[in-house]
Amino acid sequence: MSAAAEAHGHAGGHGHGDANLHPPPIHYSSRINPLIVGIFLFIGSEIMLFGSFFTVYFFDRVVANPPHWPPISPEGIPYERPWFVALVNTCILVTSSFTMHWATTSIKRGNRAGLCAGMTLTFLLGLTFLLTQVIEYHRIGFNTSNTAFAATFFGLTGLHGFHVFVGLTILLAMTIRSFRGHFSPEHHHGIEVGGIYWHFVDVMWIVVYVTVYVL
Amino acid sequence: MRNPFKTEADAFRFVWLTIAYFAVIVAGAAINTWLGVVVFVLETAGLAWWLITRGKREEPIREAPPAHPAGERRLLVVANETVCGPELLAELHRHAQGSPTRVLVVSPALNTPLKHWVSDEDGARSAAAERLEASLVAMRAAGIEARGEIGDGDPLQAIADALATFAPDEVIISTHPEGRSNWLERDVVAGARARFALPVTHVVVDLGVTADSPGGE
Chain A
79 MSAAAEAHGH
89 AGGHGHGDAN
99 LHPPPIHYSS
109 RINPLIVGIF
119 LFIGSEIMLF
129 GSFFTVYFFD
139 RVVANPPHWP
149 PISPEGIPYE
159 RPWFVALVNT
169 CILVTSSFTM
179 HWATTSIKRG
189 NRAGLCAGMT
199 LTFLLGLTFL
209 LTQVIEYHRI
219 GFNTSNTAFA
229 ATFFGLTGLH
239 GFHVFVGLTI
249 LLAMTIRSFR
259 GHFSPEHHHG
269 IEVGGIYWHF
279 VDVMWIVVYV
289 TVYVL
Chain B
659 MRNPFKTEAD
669 AFRFVWLTIA
679 YFAVIVAGAA
689 INTWLGVVVF
699 VLETAGLAWW
709 LITRGKREEP
719 IREAPPAHPA
729 GERRLLVVAN
739 ETVCGPELLA
749 ELHRHAQGSP
759 TRVLVVSPAL
769 NTPLKHWVSD
779 EDGARSAAAE
789 RLEASLVAMR
799 AAGIEARGEI
809 GDGDPLQAIA
819 DALATFAPDE
829 VIISTHPEGR
839 SNWLERDVVA
849 GARARFALPV
859 THVVVDLGVT
869 ADSPGGE
């Protein structure tokens, strides 16, 4: 064969004897990005967490199948779900997704004022949502120990409320960093990641609202 | 599957998709509870179908290698253990007649899906390196000078990578016979012909043994 001679070094470096002394070089072309694996694991764990609460909720609603839904309280009064206040709260949270997206878009375009305004509004809207939910808890008229419905109601909305609290903590840090000028059109990873989390919280609330308050 | 939370813009779009998804269900349930259930099932099934089939009907963009110096012929051989087979060596001899020929052997680092997802590819690459070296020795003994590289675990991606650096005139894919070849089951040969704008030759090598590597080639 008239093949041109070429070096064999590529294969020779991975010999039998010293193959395990050093890790082989990393190949990136179709390697799964660790960040992608991480976000999938996070979403998966959240789905399992919320899923377990939804399972309890639907078990109570479908399998136990009480004659009325929401069920009648031990005092003989039907439970009232504050769907209208929750609808207003839903609008507030969806609006906060808008302002979050505005903030991200602003920093991508180098508009720092837009970033600061967007982050401040997002934080305030999120805080309004959480405070409204706390006030509703005080006015709702039943407690976790009343029935299975009451327990799952507080469990699901409370679990989401905890996520909002975590999100607000992240948003506060992002807002402070925005005012300190830590982000630029080239470096705004912190805004992107925090924004993703906030939208995730929004998505989960839509699922919780429709399931618990509407259907 | 595309990650719906890959970027903030993707996540924002997902919020709107979620709103639209549930709005239709609520509208159906407002008319009749069972209509809501039907809407939920139909929407979910439609969404699953779209996620599974999207992109599959699109014609792939054919990738062509860059030009290389005139006066030589370049062959890219993609194989794992079947590179030692006499059928492949005979094919290489046939292709190399008449002009100087450079041969690059790519041995994909075949891995299990779980290890691929957690980026645990050290073992797969070490195994591929050992197979590759044995192949090069066998080729040298048959009078074929070639160099070798360990490729990506996905054979098509390994070819695409080699196209960028080696610029071959032809790709030769060596597989086990039908029924014993995972690559044939995964349509690697057909996929290469659809994806790459250069001749793809398929050589079947019957080594008479069952492969024990993760990819089975």
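As they're listed, the protein sequences go chains A and B. Take the position in the first sequence, starting the count at 1, then add 78; the result is the number in my numbering. Take the position in the second sequence, starting the count at 1, then add 658; the result is the number in my numbering. The beta-carbon is built from N, C-alpha and C at its ideal position, and this holds for glycine as well. Given the structure is predicted, the values throughout are model-derived calculations rather than measurements.
In the structure shown, Leu249 (chain A) falls within a helical segment according to DSSP collapsed to helix, strand and coil. Per the coordinates, the alpha-carbon of Gly196 (chain A) lies some 24 Å from the alpha-carbon of Val212 (chain A). Out of B:Arg752, B:Tyr679, B:Phe698, the CA that lies nearest to the CA of Thr859 (chain B) is found in B:Arg752. For Ala822 (chain B), the closest Cβ of chain A is not nearer than 7 Å. The C-beta distance from His834 (chain B) to Gly811 (chain B) rounds to 18 Å, too long to fall under 8 Å, and the pair is not in contact.
In the three-state reduction of the DSSP assignment, Gly129 (chain A) falls in the helix class, which pools H, G and I. The three-state reading of DSSP puts Ile683 (chain B) in helix, counting H, G and I together.
Contact of Thr665 (chain B) with chain A by beta-carbon distance below 7 Å involves Glu270. Around the Cβ of Glu779 (chain B), a 10 Å sphere holds 16 or more other Cβ atoms; the residue is buried. Under DSSP, Ser765 (chain B) forms a beta bridge with B:Ile808. Look at Thr676 (chain B): its C-beta is under 7 Å from a C-beta on chain A. Straight across, the Cα-Cα distance linking Phe672 (chain B) with Val288 (chain A) is about 16 Å.
With respect to the 7 Å criterion, Thr225 (chain A) and Phe232 (chain A) are not classified as neighbours on the basis of their beta carbons.
In this structure, the straight-line span from the alpha carbon of Leu113 (chain A) to that of Val776 (chain B) is close to 11 Å. Of all residues in the region 179-192 of chain A, those with a C-beta nearer than 7 Å to a C-beta of chain B are His179, Thr182, reading in chain order. Against chain B, the CB of Asp138 (chain A) has no partner CB under 7 Å away; the residue lies outside that interface. Fewer than three beta-carbon pairs drawn from the region 268-284 of chain A and the region 134-142 of chain A are found closer than 8 Å, and the two stretches are therefore not classed as touching. When 7 Å is used as the limit between beta carbons, Val281 (chain A) is near these residues of chain B: Phe672, Val673, Thr676, in chain order.
Following the DSSP letters along the chain, one finds Leu772 (chain B) inside the alpha helix (DSSP H) bounded by residues 771-775.
In the displayed model, Phe672 (chain B) falls within a helix according to three-state DSSP. The bridge partners DSSP lists for Arg760 (chain B) are B:Arg732. Judged by their CB atoms, Pro145 (chain A) and Arg159 (chain A) are not nearer to each other than the 7 Å cut-off. Trp283 (chain A) sits away from Gly245 (chain A), with the two beta carbons spaced by 7 Å or more.
Secondary structure at Phe854 (chain B): strand, using DSSP grouped into helix, strand and coil. It is roughly 41 Å from the alpha-carbon of Thr173 (chain A) to the alpha-carbon of Pro771 (chain B).
A Cβ-Cβ separation of about 6 Å places Glu828 (chain B) in contact with Leu733 (chain B) under the 8 Å criterion. Around the beta carbon of His265 (chain A), fewer than 16 other beta carbons sit within 10 angstroms, so the residue counts as exposed. In the three-state reduction of the DSSP assignment, His265 (chain A) falls in the coil class, being assigned neither a helical nor a strand state. The straight-line gap separating the alpha-carbon atoms of Glu745 (chain B) and Ile830 (chain B) is approximately 12 Å.
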